[in-house]
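In the order they appear, the protein sequences are chains A and B.
Following our numbering, the residues of the first sequence are numbered contiguously, the last one being 204.
Following our numbering, the residues of the second sequence are numbered contiguously, the last one being 674.
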Amino acid sequence: MRADLEIIYDWVPENAHVLDLACGDGVLLEALARDKDVSGYGLEIDPDGITRCISRGVSVIEHNLDDGLSSFSANSYDLVIMTQALQALRRPDKMLDEMLRVAEEGIITFPNFAYWRHRVHLGLRGYMPVSKSLPHAWFDTPNIHLSTFNDFEHLCRDKGLMIVDRAVGVGDHRGHWTSRLWPNLFGEIAIFRVRRRS
Amino acid sequence: MPESHRLNDPLPADSVGIITPQVAHFDTPLALACGKVLPDFDLVYETYGSLNAERSNAVLICHALSGHHHAAGYHNDEERKPGWWDAHIGPGKSIDTNHFFVVSLNNLGGCHGSTGPLSHNSETGRLWGPDFPLVTVSDWVNSQARLADRLGIERWAAAVGGSLGGMQVLQWSMAFPERIANAVVIAATPRLSAQNIAFNEVARQAIRSDPDFHAGWYSEHQTLPKRGLKLARMVGHITYLSEDAMGSKFGRDLRTNDLNFGFDVEFQVESYLRYQGDTFSTTFDANTYLLMTKALGYFDPAARYAGNLAEALAPALCPFLVLSFTSDWRFPPSRSRELVDALIQAGKPVSYANIDSPYGHDAFLLPDERYHAVFSAFMQRAAKEAGIMPANDEVTQ
Numbered sequence: 007m008r009a010d011l012e013i014i015y016d017w018v019p020e021n022a023h024v025l026d027l028a029c030g031d032g033v034l035l036e037a038l039a040r041d042k043d044v045s046g047y048g049l050e051i052d053p054d055g056i057t058r059c060i061s062r063g064v065s066v067i068e069h070n071l072d073d074g075l076s077s078f079s080a081n082s083y084d085l086v087i088m089t090q091a092l093q094a095l096r097r098p099d100k101m102l103d104e105m106l107r108v109a110e111e112g113i114i115t116f117p118n119f120a121y122w123r124h125r126v127h128l129g130l131r132g133y134m135p136v137s138k139s140l141p142h143a144w145f146d147t148p149n150i151h152l153s154t155f156n157d158f159e160h161l162c163r164d165k166g167l168m169i170v171d172r173a174v175g176v177g178d179h180r181g182h183w184t185s186r187l188w189p190n191l192f193g194e195i196a197i198f199r200v201r202r203r204s
Numbered sequence: 278m279p280e281s282h283r284l285n286d287p288l289p290a291d292s293v294g295i296i297t298p299q300v301a302h303f304d305t306p307l308a309l310a311c312g313k314v315l316p317d318f319d320l321v322y323e324t325y326g327s328l329n330a331e332r333s334n335a336v337l338i339c340h341a342l343s344g345h346h347h348a349a350g351y352h353n354d355e356e357r358k359p360g361w362w363d364a365h366i367g368p369g370k371s372i373d374t375n376h377f378f379v380v381s382l383n384n385l386g387g388c389h390g391s392t393g394p395l396s397h398n399s400e401t402g403r404l405w406g407p408d409f410p411l412v413t414v415s416d417w418v419n420s421q422a423r424l425a426d427r428l429g430i431e432r433w434a435a436a437v438g439g440s441l442g443g444m445q446v447l448q449w450s451m452a453f454p455e456r457i458a459n460a461v462v463i464a465a466t467p468r469l470s471a472q473n474i475a476f477n478e479v480a481r482q483a484i485r486s487d488p489d490f491h492a493g494w495y496s497e498h499q500t501l502p503k504r505g506l507k508l509a510r511m512v513g514h515i516t517y518l519s520e521d522a523m524g525s526k527f528g529r530d531l532r533t534n535d536l537n538f539g540f541d542v543e544f545q546v547e548s549y550l551r552y553q554g555d556t557f558s559t560t561f562d563a564n565t566y567l568l569m570t571k572a573l574g575y576f577d578p579a580a581r582y583a584g585n586l587a588e589a590l591a592p593a594l595c596p597f598l599v600l601s602f603t604s605d606w607r608f609p610p611s612r613s614r615e616l617v618d619a620l621i622q623a624g625k626p627v628s629y630a631n632i633d634s635p636y637g638h639d640a641f642l643l644p645d646e647r648y649h650a651v652f653s654a655f656m657q658r659a660a661k662e663a664g665i666m667p668a669n670d671e672v673t674q
């Protein structure tokens, strides 16, 4: 499993009712259902991902996240997860509102644009960063709203959200002490667990 | 529809082969939704693949408006076209007959061998004709349950259907939740829209206003309401195709090079529609067409729950696969999504894919790479869960 998915796997409580936005091939939901009795649905737009979910027995709905979550009523889930999709949405802030309408808690992961390698790319070499977490060229990238660890914290503060937990992933691994101490610099993947104040 | 490729050619390797329909006779009366009772009835059906010892690998195929029991394979060496869903039933196909035992029947009220307007009423000895009761989707499902009993099938590994067939699958999930393990609902809708009903009404009026209709007793007048049925089919056919499919198939092509300033066939699309209508008007029964369109219109499981479809679906126990096609404007993706949203609201396991296809409503009958991938992934999952297929088998995509 991808590093960010492993961290999320640990965070999801047993028996939780979960919505997984951009669930990919369904590997997280399958593991959660198998080991933690977690129920819920995955939303995905990629045809191959959808087929793989179905093969795994994961309930998956073909859905464009830019269309919002109007099919899901308020407080109908314990947790909404969205991995590596925030940066590709038309309005990430609106999606954050939607997630925390449907559930009290959300887990969000995205590539941290302030990761030191990205800074080197842009700051020293003068090119848009291309890395494992940002593999596309500037002209064909689906990532239209890149942000940093700090940016996201700022947005959460503005929205009055509580940051319950945060973590970083570097490459295929969980971040070590440097990235935990200076996540905005050493974290390649930002992982946030946020909660609305009720 | 599948291409006709048989002209003394050998059977394709992925065909279920030569199939002989069977007839099941039922003596126990069947109470219908309209309040009438069918004293006895026949159901004609075909089967493909073989039933396992545990009787756990049976798949029910529910047919659409003008469908019938002949869903796959050939009836004989002379038949040019295979069954109507041959693209998806057979060895290695979406409904893989290497694993599944497939049962496909002609519904009550049909005109292909099951008891319907063309049969004789055993109580009066007279042809049923227009007196055949207006059967509903739930009547069909009740009669299909009788057939399942007869075949010793306690629980279908899956019930599968497109369009009106999808409605029957929904009905199964609500009426006999413990008797289906999986539900596949393709290009369907939980209820007709006003526009759907309107098109059906035009079709019915076309038939009923044909002077040869004789209030449905045309057989006794040794005639057929061919013009009405032809018109009904022409209208229906337009709704089965997308604008793009029609455009790319015919465009504004003329049959001859010049306009002839008359009302004979000029455009290719006119010729095509007339041909479709003509063929249909001699092979399908008008009374059957009338009652099938009524059954479509009456289906509305949410009605009993003040329009709350999620509540209607509450009894369902099985996982669902819901599929729609982007260019289908008869039952567009939004109608499938309505069903999916209700299933989500009811907390039922459901997967949904919207297949990109230019072929309109008819796309559910045609082969398509992605359609096959999701459909077969779901069916293979069903086979593994039923223990019909080893769990570690590679998924073909």
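The beta-carbon is built from N, C-alpha and C at its ideal position, and this holds for glycine as well.
Run through the DSSP bridge pairs and tell me what residue i is partnered with.
{"i": "Q299/B", "result": "Y322/B"}
{"i": "A381/B", "result": "One point to set straight first is that residue 381/B is Ser, not Ala, in the sequence displayed. For S381/B, which the question treats as bridged, DSSP gives the partners E323/B, I338/B."}
{"i": "V314/B", "result": "A308/B"}
{"i": "P359/B", "result": "Paired residues: none, contrary to the question."}
{"i": "D117/A", "result": "In the sequence on display, residue 117/A carries Pro and not Asp. Answer is I195/A."}
{"i": "A173/A", "result": "I197/A"}
{"i": "D157/A", "result": "D157/A pairs with nothing; no bridge assigned."}
{"i": "H23/A", "result": "S45/A"}
{"i": "T89/A", "result": "T115/A"}
{"i": "D16/A", "result": "Answer is none; D16/A lacks a bridge partner."}
{"i": "Y83/A", "result": "A109/A"}
Report the rounded CA-to-CA distance for residue i versus residue j, giving the unit in angstroms.
{"i": "H376/B", "j": "H142/A", "result": "43 Å"}
{"i": "V293/B", "j": "H347/B", "result": "12 Å"}
{"i": "S396/B", "j": "P410/B", "result": "12 Å"}
{"i": "C311/B", "j": "F576/B", "result": "13 Å"}
{"i": "S82/A", "j": "A583/B", "result": "22 Å"}
{"i": "H638/B", "j": "Q93/A", "result": "36 Å"}
{"i": "D426/B", "j": "Q657/B", "result": "25 Å"}
{"i": "G624/B", "j": "T500/B", "result": "53 Å"}
{"i": "M278/B", "j": "V512/B", "result": "The predicted model places M278/B with a pLDDT of 43, which falls under 50 and marks its position as unreliable; any figure quoted below should be read in that light. If I take the Cα positions, the gap works out to 18 Å."}
{"i": "L167/A", "j": "R201/A", "result": "6 Å"}
{"i": "L85/A", "j": "V18/A", "result": "8 Å"}
{"i": "P316/B", "j": "L424/B", "result": "16 Å"}
{"i": "E46/A", "j": "P298/B", "result": "What sits at residue 46/A in the sequence shown is Gly, not Glu. Each residue's alpha carbon lies about 43 Å from the other."}
{"i": "G493/B", "j": "P407/B", "result": "5 Å"}
{"i": "G443/B", "j": "V418/B", "result": "12 Å"}
{"i": "V174/A", "j": "Y15/A", "result": "14 Å"}
{"i": "D31/A", "j": "S61/A", "result": "9 Å"}
{"i": "K661/B", "j": "G505/B", "result": "48 Å"}
{"i": "P306/B", "j": "K313/B", "result": "10 Å"}
Return helix, strand or coil for residue i, following the three-state DSSP convention.
{"i": "E110/A", "result": "strand"}
{"i": "N631/B", "result": "strand"}
{"i": "Y517/B", "result": "helix"}
{"i": "Y351/B", "result": "strand"}
{"i": "I665/B", "result": "coil"}
{"i": "G402/B", "result": "coil"}
{"i": "H397/B", "result": "strand"}
{"i": "V66/A", "result": "strand"}
{"i": "L167/A", "result": "strand"}
{"i": "I366/B", "result": "strand"}
{"i": "D146/A", "result": "coil"}
{"i": "D373/B", "result": "strand"}
{"i": "R202/A", "result": "strand"}
{"i": "L531/B", "result": "strand"}
{"i": "R180/A", "result": "strand"}
What does residue i touch in chain B if you count any residue whose Cβ is under 7 Å from its own?
{"i": "G63/A", "result": "R658"}
{"i": "S77/A", "result": "D618, I621"}
Show which residues of chain A have a CB atom less than 7 Å away from the CB atom of residue i.
{"i": "N631/B", "result": "E68"}
{"i": "V617/B", "result": "I67"}
{"i": "A650/B", "result": "T57"}
{"i": "R647/B", "result": "P53"}
{"i": "A654/B", "result": "T57, I60, S61"}
How would you list, in chain order, the residues of chain B whose beta-carbon sits under 9 Å from the beta-carbon of residue i?
{"i": "Y47/A", "result": "I621, P626, V627, S628"}
So which residues of chain A does residue i contact, with C-beta pairs closer than 9 Å?
{"i": "A483/B", "result": "Per Cβ cutoff of 9 Å: no residues; A483/B is ~37 Å from chain A at best."}
Which residues in chain B sit within 8 Å of residue i, going by Cβ to Cβ distance?
{"i": "S153/A", "result": "Simply none; closest approach about 30 Å."}
_Minimum length 3: unbroken beta strand (DSSP E) runs contained in the segment 29-56 of chain A_ = Residue ranges of uninterrupted beta strand (DSSP E) with 3 or more members, entirely inside the segment 29-56 of chain A and ordered along the chain, are 45-50.
Please give me, in chain order, every unbroken run of the beta strand (DSSP E) with length at least 3 that falls completely inside the segment 428-503 of chain B. Segments of the beta strand (DSSP E) lying fully in the segment 428-503 of chain B: 435-439, 460-463.
Run through the segment 537-605 of chain B for me and flag every whole beta strand (DSSP E) of 3 or more residues, listed as ranges in chain order.
Qualifying beta strand (DSSP E) stretches, in chain order: 597-602.
- Which of the residues in the segment 572-599 of chain B, read from start to end, lie with their CB under 8 Å from any CB of chain C? In the displayed structure, chain C is absent; the protein chains listed are A and B.
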